[in-house]
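Peer 1:
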Amino acid sequence: MILHHLKISIRNLLRSKVYALINLLGLTIGLASVLIIGIYVQFETSYDEFLEDSERIHRIALHRIYPGRTKDFGTSVAPLAPVLNAHYPEVEVATRLFRIFFQNERTITFPDNDQSFIETKYLFADSLFFDVFSYTFLHGDSATALDNKESVVLTRSTALRYFDTDDVVGRSILSDDSTLVVTGVIEDPPANSHIHFDVLGSMASLGFLQSSSQNANWWSPSVNTYVKLKQNIDAQAFEAKFYDLVEVYGGGNLSSDLGENWRDEGHAFEYYLQPIQSIHLHSNTDVEIEPNSNVAYIYVLSAIAVIILLISAINFINLSTARSVERAQEVGIRKVLGSHRSTLIYQFLAEAMILAGLSACLALASIGALVPRFNGLLGTHLTFDILRSPWAWISIIGLVVVVGILSGLYPALAISSIRPARVLKGRYRSSEQGVWLRNSLIVLQFLVSIVMISGSIIAAQQMRFLQSKDLGFQKDHMLVVKQGYRLGSNYAAFTNELRALSGLSALGGANMLPGNFHGSNVFQVSDPDIADIRVNTLTVDDDFLEAIGIEVLAGRGFQPEFNDSLSVIINESAAYAMGRSPEQVLGLKFSRNITNTIASELKVVGVVRDYHFYSLHSEIGPMAISNGTWRFIPESTVIRIRPGQTKEVLEAAAGSWQNLSTAPFNYSFLASDLDSLYQSDRNTATLFNVFTYIAILMSCVGLFGLATYMVNQRAKEMSIRKVLGGSIGHIIRVFSKDFLLLIGLAFLIGVPVAYLALHLWLDDFAYHVDVHPMYFLLAGGVTLMLVFVTVSYQALKLAFVNPVKMLRSE
104 MILHHLKISI RNLLRSKVYA LINLLGLTIG LASVLIIGIY VQFETSYDEF LEDSERIHRI
164 ALHRIYPGRT KDFGTSVAPL APVLNAHYPE VEVATRLFRI FFQNERTITF PDNDQSFIET
224 KYLFADSLFF DVFSYTFLHG DSATALDNKE SVVLTRSTAL RYFDTDDVVG RSILSDDSTL
284 VVTGVIEDPP ANSHIHFDVL GSMASLGFLQ SSSQNANWWS PSVNTYVKLK QNIDAQAFEA
344 KFYDLVEVYG GGNLSSDLGE NWRDEGHAFE YYLQPIQSIH LHSNTDVEIE PNSNVAYIYV
404 LSAIAVIILL ISAINFINLS TARSVERAQE VGIRKVLGSH RSTLIYQFLA EAMILAGLSA
464 CLALASIGAL VPRFNGLLGT HLTFDILRSP WAWISIIGLV VVVGILSGLY PALAISSIRP
524 ARVLKGRYRS SEQGVWLRNS LIVLQFLVSI VMISGSIIAA QQMRFLQSKD LGFQKDHMLV
584 VKQGYRLGSN YAAFTNELRA LSGLSALGGA NMLPGNFHGS NVFQVSDPDI ADIRVNTLTV
644 DDDFLEAIGI EVLAGRGFQP EFNDSLSVII NESAAYAMGR SPEQVLGLKF SRNITNTIAS
704 ELKVVGVVRD YHFYSLHSEI GPMAISNGTW RFIPESTVIR IRPGQTKEVL EAAAGSWQNL
764 STAPFNYSFL ASDLDSLYQS DRNTATLFNV FTYIAILMSC VGLFGLATYM VNQRAKEMSI
824 RKVLGGSIGH IIRVFSKDFL LLIGLAFLIG VPVAYLALHL WLDDFAYHVD VHPMYFLLAG
884 GVTLMLVFVT VSYQALKLAF VNPVKMLRSE
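Each residue of the sequence shown is one higher than the one before, starting from 104 at the first, in the numbering used here.
(1) Identify the continuous alpha helix (DSSP H) that holds residue 234 and give its terminal residues.
(2) Please work out which residues of its chain come closer than 8 Å, Cβ to Cβ, to residue 338, disregarding the five sequence neighbours upstream and downstream, and give them in chain order.
(3) Buried or exposed for residue 621, going by 16 or more other Cβ atoms inside 10 Å?
(4) To which residues of the same chain is residue 699 closer than 6 Å at the C-beta, ignoring the five residues directly before and after it?
(5) Kindly list the residues whose CB is nearer than 6 Å to the CB of residue 760, restricted to its own chain and excluding five residues on each side of it in sequence; keep chain order.
(6) I need the straight-line Cα distance from residue 297 to residue 233, nearest angstrom please.
(7) Can you tell me where the beta strand (DSSP E) with residue 384 in it begins and where it stops?
(8) Excluding the 5 residues preceding and the 5 following residue 914 in the sequence, name in chain order all residues of the same chain whose CB lies nearer than 6 Å to its CB.
(9) Count the other CB atoms, across all protein chains shown, that sit within 10 Å of the CB of residue 178; report buried if there are 16 or more and exposed otherwise.
(10) What are the complete beta strand (DSSP E) segments, minimum 3 residues, inside the stretch 289-335?
(11) Taking the alpha carbon of residue 844 as the reference point, which residue from 653, 549, 672 has its own alpha carbon closest?
(12) Hey, quick one: how far does the beta strand (DSSP E) through residue 648 stretch, first residue to last?
(13) Could you check whether the stretch 878-898 touches the stretch 551-567, counting it as contact only if at least three pairs of C-beta atoms, one from each stretch, sit closer than 8 Å?
(14) Looking at C-beta atoms only, is the number of pairs between the stretch 577-587 and the stretch 769-779 that lie closer than 8 Å three or more?
(15) Please identify the residue among 212, 615, 684 whose C-alpha is closest to the C-alpha of residue 641.
(16) In terms of alpha-carbon separation, which member of 846, 726, 606 lies closest to residue 746?
(17) Check whether the stretch 294-310 touches the stretch 164-177, counting contact only when three or more Cβ pairs, one atom from each stretch, lie closer than 8 Å.
(18) Classify residue 190: buried if its beta carbon has 16 or more other beta carbons within 10 angstroms, exposed otherwise.
(19) For residue 761, report the span of its alpha helix (DSSP H) as first-last.
(20) Please go through the same chain and pick out, in chain order, the residues whose beta-carbon is closer than 6 Å to the beta-carbon of residue 786, but skip the five residues on each side of it.
(21) Taking all protein chains shown into account, decide if residue 223 is buried (16 or more other Cβ within 10 angstroms of its Cβ) or exposed.
(22) Measure the C-alpha to C-alpha separation of residue 280 and residue 587 and round it to an integer number of angstroms.
(23) When we look at the beta-carbon of residue 893 and count the other beta-carbons within 10 Å, is it buried (16 or more) or exposed?
(24) So for residue 581, helix, strand or coil by DSSP?
(25) Given this structure, state the Cα-to-Cα distance separating residue 853 from residue 551, to the nearest angstrom.
(26) Extract the residue ranges of the beta strand (DSSP E) inside the stretch 679-751, only unbroken runs of 3 or more that lie entirely within it.
(27) Grab me the residues of residue 566's own chain with a C-beta within less than 8 Å of its C-beta, minus the 5 sequence neighbours each way, in chain order.
(28) Give the straight-line distance between the Cα atoms of residue 623 and residue 638, rounded to the nearest whole angstrom.
(29) Taking the alpha-carbon positions, what's the residue 896 to residue 841 distance?
(30) Please classify residue 494 as buried or exposed, where buried requires at least 16 neighbouring CB atoms within 10 angstroms.
(31) Whole angstroms are fine: how far does the CA of residue 300 sit from the CA of residue 364?
(32) Under three-state DSSP, which class holds residue 606?
(33) Distance check for residue 502 and residue 492, CA to CA, integer angstroms please.
(34) By a C-beta neighbour count over all protein chains shown, 10 Å radius and 16 as the cutoff for buried, is residue 500 buried or exposed?
(35) Going straight from the alpha carbon of residue 650 to that of residue 683, what length do you get?
(36) Leaving out five residues on either side along the sequence, give the residues of the same chain with a beta carbon under 6 Å from the beta carbon of residue 225.
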């Protein structure tokens, strides 16, 4: 019986090649899209699952409450891990990870040939790191690999890059003039890890961090703390113990640094657990180790996968029900000859299942070429490893069955219900119910297209907005020379040489640039009516504000002729946070504790226009800018280059650096650095655009097939209209009218849906474009044009046919 159904199904499909090919193409595109999205979603949701006992590993994050505002940090204080190891029996082991200045760059030098370069993935960890993170050791002992301050662990690819072999335990390298010994080589961390490093140094080598831990510094969150809980420990119950942790172990230190009344003044330190598997998609704290994604994007892509699959099924249902008249005679005869309705249903489902199976085979064959292109487009690292899992194949087979049933069930039920008497008398026509269903599905299909087109337009506008918005400073033509401290006493000579270049228009330095993490501090204000204020902090030289183009609104900027070591410049937000205008805060004095016993007083000499020192996901907060002393050597030097002079200035800067320092010349461009802050958003917008095009293409393919069928059904009607004097334009209008009305209905329903969905996405940005009605009109216009072109093509073919040929048999 099964072979009989298969044989009949194949004959029917071969008899209707056009419709079979249209359905095959639609289902193939739909299944390929779903498989690609499925691989991507599986990759994004599998972060850190490769770690042994990953379900027991958590990062400890900090919800920091300041007077008047709050912040969440992915970092915590240095003494936290030792306290957890010593006093909390629920903890199997706690460990710490550290980045100097929240960056991953260090200079590596080889003793044998004095060659140096910048290592861009250099992190530090304490000796317990590999007790939590189960990386595979190729050489060395994980238990002792980071015990000594001279220890360093390399990844396999790094060892090969350094020494052309991975068996390098005992070999030496220099890092910032310190001799390090390789004590271990591990397999490279996989792509789906929220931590990536090439070199892992020992925190024992960082004396300042050891002092911070020993001196119980509980107010400066500078390390990432991870805990591995013991078996069967309830994470929520353990987290509840954090309530008095800071009070018990850090209360004295905080009272010393923030004052005895720090609690009453509105300060609080609330630690909480983040399951390590959730960090990549659910964490959006300050000071993330790497930029994370957003689980909302996974939901969007999953919804797109379902939508594309539905469009494939809709095309199949529309064409199948539209062809019910053609299949009616077959059904009528088979019923007269004794076929049961169940047999006919199985027959039509078999045809759908065959098409779905063939489509799945073509889709699997196509993703071999699509995945590398996908990786190249987004910079991802997707692989076919998921297809090696038995569960993946079970899911694919299940998907084929679902698609086959979803696509074929209604047509099977509708066509198999045909009454043979009506068919054999020649009275059968498509039912009003069938027409209503096809129209409803067309509306749904193009409703989705309108939503996705408008979403694509607004996503593109938002990405363009992120790149073009006035950030309050100049980002273009700005060369950034990093790690200026490596020049030491030669820094002044380096900058003086550059200032003489004709291609340079300005130069200045700072300890942090926009886009980097900025520290913060609490200041007391000399006006007793103004409460203490928490501000982000920045240290710059005399020329930085002018070099980067930050506008001074009131007062003055830093100037060499003034002794500005005791001056401070604040931004508009800081002035308004104090309830004052920019002019009213000039002359106020800020006091801050710089040690437990010494206080400094800074006079406000200027107010600058607000500028975006973080990404546009965050609102601009209060900022205090201090002037570096005469000994200040900036971490980053920004060089504003005249248009067309980039190559000359870059070569001159590199040459000057190499003459004054043995360290590698490390540079970037500010615009590129800032652009990288939106990589995840850009990837999502790109994906959305790609699958929007696919959804539109599939909608048009389905519409083309349906229009082809309707042309055949209405050929005689249109021929009679032509004989009676109907023009080509008239025929096109008559044929297109019903479709255009359906698109209008889809537009009326789709616009409110798109408006709400896009507002939810844009709310993730503190600054975003407005959702203008023109975007929806444009989406509707594009959809209308595509429908008109698709349908008019078939109508034109019919209009140019000689009516004699159509009416010869009448």
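Using N, Cα and C, we set each Cβ at its ideal position, and we do this for glycine too. Nothing here was measured: the structure is a model prediction, and the numbers come from that model.
Peer 2: This is what the structure gives:
(1) 232-235
(2) 161, 332, 376, 378
(3) buried
(4) Its pLDDT being 44, under 50, residue 699 is placed unreliably in this model, and the coordinates cannot settle the point.
(5) 768
(6) 16 Å
(7) Taken as a continuous stretch (DSSP letters only), residue 384 belongs to no beta strand (DSSP E), being part of the alpha helix (DSSP H) at 382-385.
(8) In the structure displayed, the chain extends from 104 to 913; residue 914 sits before or after that span and is not available.
(9) buried
(10) 302-305, 327-332
(11) Measuring from the Cα of residue 844, the nearest candidate turns out to be 549.
(12) Element bounds for residue 648: not the beta strand (DSSP E) but the alpha helix (DSSP H), 647-651.
(13) yes
(14) yes
(15) 615
(16) Nearest C-alpha to residue 746: 606.
(17) no
(18) exposed
(19) 749-763
(20) 481
(21) Of the other Cβ atoms in all chains shown, fewer than 16 fall within 10 Å of the Cβ of residue 223; this residue is therefore exposed.
(22) Rounded to the nearest angstrom, the two C-alpha atoms are 16 Å apart.
(23) buried
(24) strand
(25) 7 Å
(26) 692-696, 702-711, 726-730, 739-744
(27) 781, 784, 785, 788
(28) So the two alpha carbons sit approximately 5 Å from each other.
(29) Their Cα atoms are separated by approximately 15 Å.
(30) Classification of residue 494: exposed, given that the 10 Å Cβ count is below 16.
(31) 42 Å
(32) Residue state for residue 606 is assigned as coil, using DSSP reduced to three classes.
(33) 15 Å
(34) exposed
(35) 28 Å
(36) 207, 209, 302
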